[in-house]
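Every letter in the sequence shown is one number past the one before it in the numbering used here, and letter 13, counting from 1, is 17. Following: one structure in structure tokens, then a few remarks.
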Amino acid sequence: MFSFTKVAGEVMPGPEGLLTSPLTGVSCVWYKVKVESWQARADLHHRDTVFLSKTKHPFRVLDQSGPLLISADIIPPSFEATVTETVSMKRPPTRDQAPLLHSLADRGLIPQATLNRRAHLLDELIWETSETILLPGQRVHAHGRVGRYRGLPILRRSVLGFGFRAE
């Protein structure tokens, strides 16, 4: 039987060690990079996810009882972005207008045809590039069910939903 538990403490690297965020190159324990695009006026509620990459590796939280592995699936999709670049224009953005977007395209992570899209007549195309990271030493609160990962206890998302927030 798996139990429900809460933990509050400082983030530490997991078994895979420190990671490097792909957009800004910052050392972290977890990251998510997301690029979305949508028409500014014509279709406000339809966002195309052009690119999404996030780590699935667990990390640790150190509290008064010691370190506990935390599954990456406990972090909610709405977790606040650390870096966001937003551009709105009729034509494809230039490298100067959207350097983060172009850095992903330069590595082949965003197809050139997608990057060259244009807005509909009398509309603008919005591009939003964001990176979300968890840094070592950052204080967090998490709750979920305790399971096993490679023989070690790990906190996973529970049926009650996402139980994670940073201070």
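Where a beta carbon is used, it is the ideal one built from N, C-alpha and C, also for glycine.
Next on the checklist: Does HIS50 come out as helix, strand or coil in the three-state DSSP assignment?
Outcome noted: Three-state result, HIS50: coil.
Checklist entry - By Cβ distance below 6 Å, which residues in the same chain neighbour SER41 in space, the five residues on each side in sequence not counted? => result Excluding sequence neighbours, SER41 sits near ASP52, VAL54 and TRP131.
Checklist entry - Could you give the uninterrupted runs of the beta strand (DSSP E) lying entirely in the region 114-147, keeping only those of 3 residues or more? => result Inside the region 114-147, DSSP marks whole beta strand (DSSP E) runs of 3 or more residues at positions 129-138, from first to last along the chain.
Checklist entry - Looking only at DSSP bridge pairs, what is ARG45 linked to? => result Answer is none; ARG45 lacks a bridge partner.
Checklist entry - Assuming PRO4 contacts LEU105 under a Cβ cut-off of 8 Å, what Cβ separation, rounded to an integer in Å, is found between them? => result A question about residue 4 goes unanswered here, because the residues of the chain that appear run from 5 up to 171.
Item to check | Sequence-distant residues of the same chain with beta carbon closer than 6 Å to THR9, five excluded per side | outcome: Result list for THR9: VAL150, in chain order.
Item to check | Per-residue burial, LEU108 [other beta carbons within 10 Å of its own, 16 or more giving buried] | outcome: Buried is the label assigned to LEU108, since at least 16 other Cβ atoms lie within 10 Å of its Cβ.
Checklist entry - GLU135 and LEU27 look like a contact to me (Cβ under 8 Å); what is the Cβ gap, rounded to whole Å? => result About 4 Å; that satisfies the 8 Å criterion.
Next on the checklist: If you reduce the DSSP assignment to three classes, tell me which class PRO26 lands in.
Outcome noted: Reduced to three states, the DSSP call for PRO26 is coil.
Checklist entry - Once you ignore the five residues that flank ARG154 on each side, which residues in its own chain have a CB closer than 6 Å to its CB? => result Only residues of its own chain outside the window of five on either side were considered, and among them none has a CB closer than 6 Å to the CB of ARG154.
Item to check | SER57 to LYS38 span [Cα, whole Å] | outcome: If you take the alpha carbons of SER57 and LYS38, they lie about 7 Å apart.
Checklist entry - Which partner residues does LEU172 have in the DSSP bridge list? => result The structure shown has nothing for residue 172, since the chain only spans 5 to 171.
Item to check | Under the three-state DSSP convention, the category ALA102 falls into | outcome: The answer is coil: DSSP assigns ALA102 none of H, G, I, E or B.
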